[in-house]
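K.L.:
So that we are looking at the same thing, I have put the structure below in structure tokens.
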Amino acid sequence: MNREQSNVKFVTHTVGDSEEFSLELFHTAEDVASGKPHKTLRSIDELLDFNDALGE
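According to my numbering, the sequence shown is numbered sequentially starting from 556.
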């Protein structure tokens with residue numbers, strides 16, 4: 556697997572009534588303002604995979 560190149564500077568999160576959540580990863584404040592995340596993680600598995608990719 557290629558190492559995930561990340562310049563993530565901003566993270567927003569949403570947690571629902573159940574165990575649902577999402578993490579939106581943004582590179583710049585302008586991306587946040589426009590609502591266009593670099594990546595959206597919607598499960599623990601996606602978060603763990605992303606974290607693993609950063610460490611490889």
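Positions of the beta carbon are idealized from the N, C-alpha and C atoms, including for glycine.
Quick caveat, the model's predicted, so the values are computed rather than measured.
For the putative contact between N606 and H582, defined by C-beta atoms under 8 Å, what is the C-beta separation to the nearest angstrom?
P.N.:
Along the sequence shown, read from residue 1 onward, the residue named residue 606 stands at position 51. Along the sequence shown, read from residue 1 onward, the residue named residue 582 stands at position 27. Contact doesn't hold; Cβ gap of about 18 Å is too wide.
K.L.:
E574: buried (16+ other C-beta within 10 angstroms of its C-beta) or exposed?
P.N.:
Against the sequence shown, residue 574 aligns to sequence position 19. The residue in question, E574, is exposed, as its Cβ has fewer than 16 Cβ neighbours within 10 Å.
K.L.:
Helix, strand or coil: how does DSSP classify R558 here?
P.N.:
Within the sequence shown, the letter at position 3 stands for residue 558. Reliability fails at R558, whose pLDDT of 45 lies under 50, so the model's placement of it is uncertain and no value is given.
K.L.:
Report the rounded CA-to-CA distance for E601 versus T595, giving the unit in angstroms.
P.N.:
Working through the sequence shown from its first residue, we reach residue 601 at position 46. Working through the sequence shown from its first residue, we reach residue 595 at position 40. Distance between the alpha carbons of E601 and T595: 9 Å.
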